[in-house]
Every structure is written in C-alpha cells, then in structure tokens.
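Its first residue numbered 68, the sequence shown is counted upward by one per residue in our numbering. Every residue gets a Cβ at the ideal spot worked out from N, C-alpha and C, and that includes glycine. From a predicted model like this one, the values you see are computed outputs, not experimental measurements. I have placed the structure first, in the form of structure tokens, so that the comments after it can refer back to it.
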Amino acid sequence: MSLDIKICGLKTDEAVAAALDGGATHIGFIFFAKSPRNINPAEAGRLRRAAAGRAKAVAVTVDADDAALDAIVSEMAPDMLQLHGHESVSRVRQVKARYGLPVIKVFSLRERGDLAQIEPYIGIADRLMFDAKAPAGSALPGGNGVAFDWQVLSELDGSLDYILSGGLNAGNIGQALQETLPGGIDISSGVESAPGVKDVGLIKEFFRAVRAAKSADAA
Ligand SMILES: O=C(O)c1ccccc1N[C@@H]1O[C@H](COP(=O)(O)O)[C@@H](O)[C@H]1O
Numbered sequence: 068m069s070l071d072i073k074i075c076g077l078k079t080d081e082a083v084a085a086a087l088d089g090g091a092t093h094i095g096f097i098f099f100a101k102s103p104r105n106i107n108p109a110e111a112g113r114l115r116r117a118a119a120g121r122a123k124a125v126a127v128t129v130d131a132d133d134a135a136l137d138a139i140v141s142e143m144a145p146d147m148l149q150l151h152g153h154e155s156v157s158r159v160r161q162v163k164a165r166y167g168l169p170v171i172k173v174f175s176l177r178e179r180g181d182l183a184q185i186e187p188y189i190g191i192a193d194r195l196m197f198d199a200k201a202p203a204g205s206a207l208p209g210g211n212g213v214a215f216d217w218q219v220l221s222e223l224d225g226s227l228d229y230i231l232s233g234g235l236n237a238g239n240i241g242q243a244l245q246e247t248l249p250g251g252i253d254i255s256s257g258v259e260s261a262p263g264v265k266d267v268g269l270i271k272e273f274f275r276a277v278r279a280a281k282s283a284d285a286a
C-alpha cells in the first residue's frame, strides 16, 4: 500500500530540497503567526514553485478567514489547504467551494471519545489528519512534537483513509506504522534541531526509518 509522506513547516530551500530528495509526496507551509514555522505567502510561493511537479504543496492554516486564505491562495498557489483549527463542516464546504482546492481537515485526538467529531466530515473533507491535542499552555494547535496513543485509532473503520501526525520521528515511525494503517504520515518537529529549524540530517534519517519500516512490513 502506498504511503504519502508530508514534511511540514518548511522555510528554506535546503529543507525543501531534502524533503523532495527523500521522497516527500507533500510539503507543508505554516501560516500561523505564533508558530516558529510561520512563513509569508510570497516566500511560500517561491519555495513551492521550486518543488512544482515533485510534491503537492500544502498551506496549513488555523481558523483563517477568507481574506487570509485569499492572500495565501493567490500568492502561494497551494495544491491543498490544511485546516488545523476548529473549522466546522460548513466552513470546510465553503473553503472547498471558494477555492476549488482539496482540503485536509485535522482532528486533535487523545482518547477514543475524540473520534466522535470525525464522522460529519467524512465525504466532505478530502483527507482527514489525526494529530495529538496540544499540551496545556501551548500557543500552537499543532507542531508540538507530541504523539497521541495510536491505539485510539483501533476503533476506526479499517477502510478509513487518514494521515497520521503528531510527534512522529525516526525513532518512533516504525512502531507507529506497526500499530496503525495510515494512507499518509506528517512530520514537523521530529526533523528539527530547534523549533522552526529543519535539520537536513534528521530529514534523511526520517526517510531511512520510513523505508526500513516499509520493507520490514513487506517481508
Ligand atoms: O507546526 C506548526 O507550528 C503548526 C502551527 C499551527 C498549526 C499546525 C502546525 N503544524 C502541524 O502539526 C503537525 C504535527 O507537528 P509535529 O510533527 O508534532 O511537530 C505538523 O506536521 C503540521 O501539519
């Protein structure tokens, strides 16, 4: 089974190149002022153009209004929008209709009961992403480098496609792929040397760990 790999929070040519060379199918850019990974739409547009045809460019936003999304879509021209806030089902519909772009809707999970929020979005959002709930006091809804208990996902219908996110790194991706069956994985802090600073060596190490996990699975 194919596995999409999204490297998120990119800000430099070197990090984009490392993600593409490693085999990223998606590259993510963060539009959230409080994030150490925040980038402006014009710079994200420059970086995404360098990746054109090699990976899908994803704009990550948090409860963004139309004006903010208009600027991102016109200046960056993303292939997809990732909605990482509390966007309602009707807001997801509006965003899809306004921009004609596929939407990834993110859900924060800690326990089985948190899965109840997902159902109304199935068939509306193009992809579903599962991240950990932010730790108390964090200014960020994502990008906290925190994993959730993947066993929570054992309650899901096995045919549901999702992207696994939250605290992934080279050290735990093998275990994550043993415990879950995602259609994609998403990583940010786990390939950083400091908040917002991507590390080319850690990006390479992550792809090596993914390849090792996949070949162990195929054996
Ligand atoms: O990364 C951020 O700063 C961020 C800010 C606001 C919304 C989402 C953000 N990141 C997303 O969270 C996942 C998981 O991050 P991590 O691997 O646990 O650090 C990241 O890939 C982004 O999609």
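Taking only heavy atoms of ligand 1 into account, decide whether any of them is closer than 7 Å to the Cβ of Asp71.
Within the sequence shown, the letter at position 4 stands for residue 71. Checking the Cβ of Asp71 against ligand 1 gives no.
C-alpha gap between Ser232 and Phe197, whole angstroms
As a working mapping, residue 232 is identified with position 165 in the sequence shown. As a working mapping, residue 197 is identified with position 130 in the sequence shown. Ser232 and Phe197: Cα-Cα distance of roughly 6 Å.
Between which residues of its own chain and Gly251 is the CB-CB distance below 6 Å, once the five residues before and five after are set aside?
Your numbering for residue 251 matches position 184 in the sequence shown. Result list for Gly251: Asp71 and Ile230, in chain order.
Apart from the five residues just before and just after Glu110, which ones in its own chain have a Cβ nearer than 8 Å to its Cβ?
Counting from one through the sequence shown, the residue named residue 110 turns up at place 43. Contacts found: Lys78.
For Ser256, count the other beta carbons within 10 Å of its own beta carbon; 16 or more makes it buried, fewer makes it exposed. Which is it?
Locating residue 256 in the sequence shown gives position 189, counting from the first residue. Classification of Ser256: buried, given that the 10 Å Cβ count is 16 or more.
Quick one, are the C-beta atoms of Asp266 and Val277 less than 8 Å apart?
The residue given as residue 266 occupies position 199 in the sequence shown. The residue given as residue 277 occupies position 210 in the sequence shown. In this structure, Val277 does not lie closer than 8 Å to Asp266 by Cβ.
Any heavy atom of ligand 1 closer than 7 Å to the beta-carbon of Leu231?
Within the sequence shown, the letter at position 164 stands for residue 231. Distances taken from the Cβ of Leu231 to the heavy atoms of ligand 1 include none shorter than 7 Å.
Taking Cβ positions, are Ala199 and Ala214 nearer each other than 8 Å?
Here residue 199 corresponds to residue number 132 of the sequence shown, with the count starting at 1. Here residue 214 corresponds to residue number 147 of the sequence shown, with the count starting at 1. Taking a C-beta distance under 8 Å as the contact criterion, Ala199 and Ala214 qualify as a contact pair.
Flag Ser226 as yes when its Cβ comes closer than 7 Å to any non-hydrogen atom of ligand 3, and as no otherwise.
This structure does not include ligand 3; its bound ligands are ligand 1.
Would you decide whether Gln242 is buried or exposed? Buried here means 16 or more other CB atoms lie within 10 Å of its CB.
Taking the first residue of the sequence shown as position 1, residue 242 is located at position 175. Burial state of Gln242 is exposed, judged by a 10 Å Cβ sphere holding fewer than 16 other Cβ atoms.
When Thr92, Ala119 and Ala126 are compared against Pro108, the one with the closest alpha-carbon
As a working note, residue 108 is residue 41 in the sequence shown. A check of alpha carbon separations from Pro108 across Thr92, Ala119 and Ala126 identifies Ala126 as the nearest.
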